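Right, one structure below, let's go through it.
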Amino acid sequence: MSSIYARIELGQDGKISGQIFSAEAPHVVRTLEILLDDQVCATTICDLPGVNGGKNGFEIALQLGQMHFSESSRIGFRDKLTGEKIDRLRPVPDAWRALRLKDPAIVGYVENVTDDGRVIGWAWAPAAPLERLVITVMIDDQPVLTSVASFDRADLRDAGIGDGKYGFDCTLPWELIANQRQIRVSVRATPMLNPFGKCFLLRRDQGGKLEERLIAAEAELKRVKAEFTAAQQALQHAGLAASSQLFATVGAFFTELAQTAGKGEMPVLASKRGASLADLAARFPRLALAPPPANPEARIMVPAVGSIDTVVGCLEAIRRSGADLRAEIMLFDDGSVQEAALLPALVRHLRYLRLLPGEDAGRLRNDALLGSSAPVVVLVAPVARVEGGWFDLLLQAISPGVAAVGAGLLREDGMFHSTGLLLGGGAGRMIDVGAGHSPGHPSARVRREVDALGFGCVAISRASLSAQAGFDSSIHDWCAALLNFCLAVRQNDARVLIEPAARAHWLELPDQPMWVRRNFGVASPPMPQLRSRWKKTIQAADAAKQGLDRFARAHVLVVGDAPFDLLRDAGCRVSWLTPATYGEEDRLRGVELVVDLDQCSATMVWCADESKLAGIREKFADEKIYAGTDWRELIERMAATEG
Numbered sequence: 139m140s141s142i143y144a145r146i147e148l149g150q151d152g153k154i155s156g157q158i159f160s161a162e163a164p165h166v167v168r169t170l171e172i173l174l175d176d177q178v179c180a181t182t183i184c185d186l187p188g189v190n191g192g193k194n195g196f197e198i199a200l201q202l203g204q205m206h207f208s209e210s211s212r213i214g215f216r217d218k219l220t221g222e223k224i225d226r227l228r229p230v231p232d233a234w235r236a237l238r239l240k241d242p243a244i245v246g247y248v249e250n251v252t253d254d255g256r257v258i259g260w261a262w263a264p265a266a267p268l269e270r271l272v273i274t275v276m277i278d279d280q281p282v283l284t285s286v287a288s289f290d291r292a293d294l295r296d297a298g299i300g301d302g303k304y305g306f307d308c309t310l311p312w313e314l315i316a317n318q319r320q321i322r323v324s325v326r327a328t329p330m331l332n333p334f335g336k337c338f339l340l341r342r343d344q345g346g347k348l349e350e351r352l353i354a355a356e357a358e359l360k361r362v363k364a365e366f367t368a369a370q371q372a373l374q375h376a377g378l379a380a381s382s383q384l385f386a387t388v389g390a391f392f393t394e395l396a397q398t399a400g401k402g403e404m405p406v407l408a409s410k411r412g413a414s415l416a417d418l419a420a421r422f423p424r425l426a427l428a429p430p431p432a433n434p435e436a437r438i439m440v441p442a443v444g445s446i447d448t449v450v451g452c453l454e455a456i457r458r459s460g461a462d463l464r465a466e467i468m469l470f471d472d473g474s475v476q477e478a479a480l481l482p483a484l485v486r487h488l489r490y491l492r493l494l495p496g497e498d499a500g501r502l503r504n505d506a507l508l509g510s511s512a513p514v515v516v517l518v519a520p521v522a523r524v525e526g527g528w529f530d531l532l533l534q535a536i537s538p539g540v541a542a543v544g545a546g547l548l549r550e551d552g553m554f555h556s557t558g559l560l561l562g563g564g565a566g567r568m569i570d571v572g573a574g575h576s577p578g579h580p581s582a583r584v585r586r587e588v589d590a591l592g593f594g595c596v597a598i599s600r601a602s603l604s605a606q607a608g609f610d611s612s613i614h615d616w617c618a619a620l621l622n623f624c625l626a627v628r629q630n631d632a633r634v635l636i637e638p639a640a641r642a643h644w645l646e647l648p649d650q651p652m653w654v655r656r657n658f659g660v661a662s663p664p665m666p667q668l669r670s671r672w673k674k675t676i677q678a679a680d681a682a683k684q685g686l687d688r689f690a691r692a693h694v695l696v697v698g699d700a701p702f703d704l705l706r707d708a709g710c711r712v713s714w715l716t717p718a719t720y721g722e723e724d725r726l727r728g729v730e731l732v733v734d735l736d737q738c739s740a741t742m743v744w745c746a747d748e749s750k751l752a753g754i755r756e757k758f759a760d761e762k763i764y765a766g767t768d769w770r771e772l773i774e775r776m777a778a779t780e781g
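Counting from 139, one number per residue, gives the positions in the sequence shown under the working numbering.
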């Protein structure tokens, strides 16, 4: 018999919501697998408010337009950790059938897999020509990465294949193919992994091209070195010392590579990926950032980690958002992505900082964080794709007493990946706030306080950085260093906020660094060391936040009118029941909009509207309801309840 209890509801438009609860382990945040005919079609984290005020609820929307199911298909549920089946099998709702992929046929091809791992092809569902299919790339039948077949291809359109926006072009993780002579690559349509096309067999003959690549790399490196030397001299004549120093850093790196090539040895770039400026220019269009402003509002730093594709994509997204018009953009290159050294020649007006052999990475990172005159430093992970007015929203939230503000990170399915981190999950866990929430959910619209931020898209006050002398230079991992910084400033009573309206899409790549570790205790180094360093803080958070909203002193539901600012300043989370007006000012003040009492887990109710008092008493116990008008009495009652 199952030890996990569930209440699961299937919505009419593919949404599935509910709560998963186990009396034996009530504080465990569970991951739910959704099964279609015993195949996993989606997963979600159950950390929304649910049973007994705990974090055990979930909400997810299935991609019905990319799914196919028969009349006899059934929906099932399984706990990912234990493999235990949950609840009962459900028939697929009739409303889903009108939205499903009626014909499961997927048409497409893997047209080419290049020697350096680029997978090029196209895929579409003729029965759903407006769908952009999510595809999974496999090496020897093992999934390695996902992408979206959405590139515009004029040749497909001319051939009568829909609107032609079905191309994909992604790069295999280099470490999986570097030493392989033969690779079998196939592509399947997600989420049900429907196969299409034929496998592509790539035979890599590195030896035959070695000499040719060496000669090309040597010539390319010498040419680029000459360009950088000329640019450096021009900047020196113009008196731009800072920019001259930047080019000297890049020039030293290219000098080293050119000298290696001149000795007849294999240069670093050629041995790793056969990279050259010509290669990058063929793969990516030249990118022109705006010239750095004289008085930048922020310095935006992008670490060169992961792959060159994600780094370039991140810079393109920053340019599209217009943030480069008001901020200086810096790439911090620690050498883990070799092609990144060529990006200053490809991306105009990019500030570039390279970690040279023998340099201390932590010290150099702090020099970059504190070396700008801008009042704010923004960190953007290469796998984040910023959008809309993210820059304004983050900067607006930075105020005296606020150390850092994070953006909401959206998964590929449109739900939140994370909107911040909270201590007090039990056994040293860090809880992702908002994971699995829809951006339209009322709680996803409110700026609020959190304990720490994952490294996705974060604005940091330079004053707070200076007070801490930057990040801890002994912690080289960016995520761990940011987490340590947030915990440190919180100990000094500075605030760490999340602004979910400032959003960035989070690419789910299997080879990307794990910026956010859900289990703080057992993750790979340096997370265990951080947990040991902050053990007392975590234990105190566990004790203080047990059974309460983890980011507030109390959760007050307001019916009618109330002094929202005073309630918020008293440490309350504030919800407002279906007001006549609700606008941007209310959201920025931290006031949530609630339209359904059944979805509200408030610990106290302020009812200033006597006409609604009867309905409130049907949902909440009398001791939770306050029907007066004196806010001081409510705060005193809240303090007495805590005592």
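Even for Gly, the Cβ is constructed at its ideal location relative to N, Cα and C.
Since we're looking at a predicted model, the values are computed, not measured.
Asked	Found
Please return the same chain residues whose Cβ sits closer than 6 Å to the Cβ of L645, not counting the five positions on each side in sequence.	V521
Report yes if the CB atom of H487 is closer than 8 Å to the CB atom of L547, and no otherwise.	no
Are there 16 or more other CB atoms within 10 angstroms of the CB of F658, so buried, or fewer, so exposed?	No answer about F658 holds up, because its pLDDT of 42 lies below 50 and its placement is not dependable.
Alpha carbons only, please: which of F159, A499, A233 is nearest the one belonging to I224?	F159
Measuring straight from C-alpha to C-alpha, what distance separates Y143 and A316?	47 Å
Terminal residues of the continuous beta strand (DSSP E) containing C126?	It is not possible to answer for residue 126, since the shown part of the chain is limited to 139 through 781.
So, does the region 227 to 235 touch the region 177 to 191, judging by three or more C-beta pairs under 8 Å?	no
May I ask you to report which of helix, strand or coil DSSP gives S612?	coil
Going by DSSP, which residues form a beta bridge with Y304?	Per DSSP, none; premise fails for Y304.
Is the beta carbon of A740 closer than 8 Å to that of L695?	yes
Among G300, D253, R458, G298, which one has its Cα closest to the Cα of F338?	D253
Ignore the nearest five residues each way along the sequence and tell me which others in G402's own chain have a CB closer than 7 Å to its CB.	Residue confidence for G402 is low, a pLDDT of 45 falling below 50, so the modelled location carries little weight; the figure read from the coordinates is stated next. Excluding positions up to five away in sequence, the list is empty.
Can the beta-carbon of A535 be found less than 8 Å from the beta-carbon of E637?	yes
Considering just the uninterrupted stretch of the beta strand (DSSP E) at F529, what are its terminal residues?	F529 -> not in any beta strand (DSSP E); alpha helix (DSSP H) instead, spanning 528 to 535.
Below 8 Å on the Cβ atoms is my guess for A243 versus V325; work out the distance and round it to an integer in Å.	The Cβ separation is near 15 Å, so there is no contact.
Give the DSSP-derived three-state secondary structure of S556 in the structure shown.	strand
Which residue from R322, W616, C624 puts its Cα closest to that of L517?	W616
CB-CB under 8 Å to I277, same chain, minus the five flanking residues each way: which ones, in chain order?	L310, L314, I315, I321, R322, V323
Do you know offhand how far R424's Cα is from P482's?	10 Å
With DSSP as the reference, identify every bridge partner of T284, one or two as the case may be.	T274
Do L148 and F215 have their C-beta atoms closer together than 8 Å?	no
With DSSP as the reference, please indicate the residues paired to D290 in a beta bridge.	K303
Does DSSP put C184 in a helix, in a strand, or in coil?	strand
CB A746 to CB G698, shorter than 8 Å?	yes
Taking S611 and G451 to be in contact with their CB atoms under 8 Å, please state how far apart those CB atoms are, rounded to whole angstroms.	About 29 Å; that fails the 8 Å criterion.
Helix, strand or coil: which one does DSSP assign to W714?	strand
Ignoring anything shorter than 3 residues or poking outside the region 441 to 494, list the beta strand (DSSP E) runs there in chain order.	465 to 471, 489 to 492
Helix, strand or coil: which one does DSSP assign to W672?	coil
If the criterion is Cβ atoms closer than 8 Å, does the pair G300 and R291 meet it?	no
At the level of alpha carbons, what is the spacing between E269 and G594?	28 Å
From D83 to L625, what distance separates their C-alpha atoms?	Since the displayed the chain opens at 139 and closes at 781, residue 83 lies outside it and no answer follows.
Taking the alpha carbon of K218 as the point to measure from, which residue in L227, R212, R168, A263 has its own alpha carbon closest?	R168
Does the Cβ-Cβ distance between F529 and S459 come in under 8 Å?	yes
Flag this pair as yes or no: are the beta carbons of L283 and A263 separated by less than 8 Å?	no
If you run the structure through DSSP and keep just helix, strand and coil, what is F196?	strand
Applying the 10 Å Cβ sphere with the 16-neighbour rule, what's the burial state of L559?	buried
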